[in-house]
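Encoded as structure tokens, the structure appears first; notes follow it.
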Amino acid sequence: MRYPSAWVMRFADELPARARVLDLACGEGRHTGLFLMKGCRVTAVDIDLSHVEALAGTPGLTLECRDLENEPWPYGEDQFDAIVVTNYLHRPHFPNYYASLAPGGLFIMETFTEVNTRIWGRPRNPDHYLLPGELLRLAPSGVRIVAYEEGLTELDYGVERIVWMKPGPVEKLAVSLGGR
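Number 1235 in our numbering belongs to position 37 of the sequence shown; there are no gaps in the numbering.
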């Protein structure tokens, strides 16, 4: 199993114990495991759960096999304290992310850009990679942008990363930028 993304790890400590986390397109479960170890309640969703079957029955974990690109969005409003999306892009989900995020909640995303396609040839489908600055344009109006990056990782993957906070009556004054 691969390690959790440094971007996700950088903001994971912002969530309180027992936070409700949606790990969308959870893949091998690298972020599911991270948040479970932090005491969060995690809903891990993917079209193929074979890579996370060994986690079934873990306290605080709900595994859901779903094809969210071809079925209605199943999550209600204000349901999650954080939504984590890495190496996955489906633009029509952005309004759903906002609706399902609790007030004061964090949206954490990191995925591939067109630069990655030019360097590595993947993803091939333009629906699956971001154009320059696109995550900033996809962020819903009124959210607080906590952090944003675009460029090459240490392994020369082209990515764009964002963390935004949904406004709420109670929210953090400031989020740690790491490096402590």
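We treat Cβ as the ideally placed atom computed from N, Cα and C, and that holds for glycine.
Around the beta carbon of A1215, fewer than 16 other beta carbons lie within 10 angstroms, which makes this residue exposed. For the 7 Å CB-CB criterion, F1209 and I1360 do not form a contact.
Closest by C-alpha distance to P1367, out of R1316, G1302 and A1223, is G1302. In this structure, E1308 keeps its C-beta atom at 7 Å or more from the C-beta atom of V1243.
Residue range L1299 to F1310 is occupied by the beta strand (DSSP E) that includes G1302. Look at the beta carbons and you see the stretch 1270-1288 touching the stretch 1219-1226: at least three pairs across the two are nearer than 8 Å. Around the beta carbon of P1202, 16 or more other beta carbons lie within 10 angstroms, which makes this residue buried.
For the stretch 1272-1351, the continuous beta strand (DSSP E) assignments of 3+ residues that do not extend past its boundaries occur at 1278-1284, 1299-1310 and 1342-1350, in sequence order. Per DSSP, A1242 is one residue of the beta strand (DSSP E) stretching across R1239 to D1244. The alpha-carbon separation between G1237 and R1200 amounts to approximately 20 Å. When the alpha-carbon of D1265 is set against those of P1293, Y1346, S1374 and I1245, the nearest one is in I1245. For G1231, the three-state secondary structure derived from DSSP is helix. Y1296 and D1221 have their C-alpha atoms some 14 Å from each other.
Excluding its 5 nearest sequence neighbours in each direction, Y1273 has C-beta neighbours in its own chain below 6 Å: S1298, listed in chain order. Residue pairing by DSSP puts M1363 in a beta bridge opposite L1304 and R1342.
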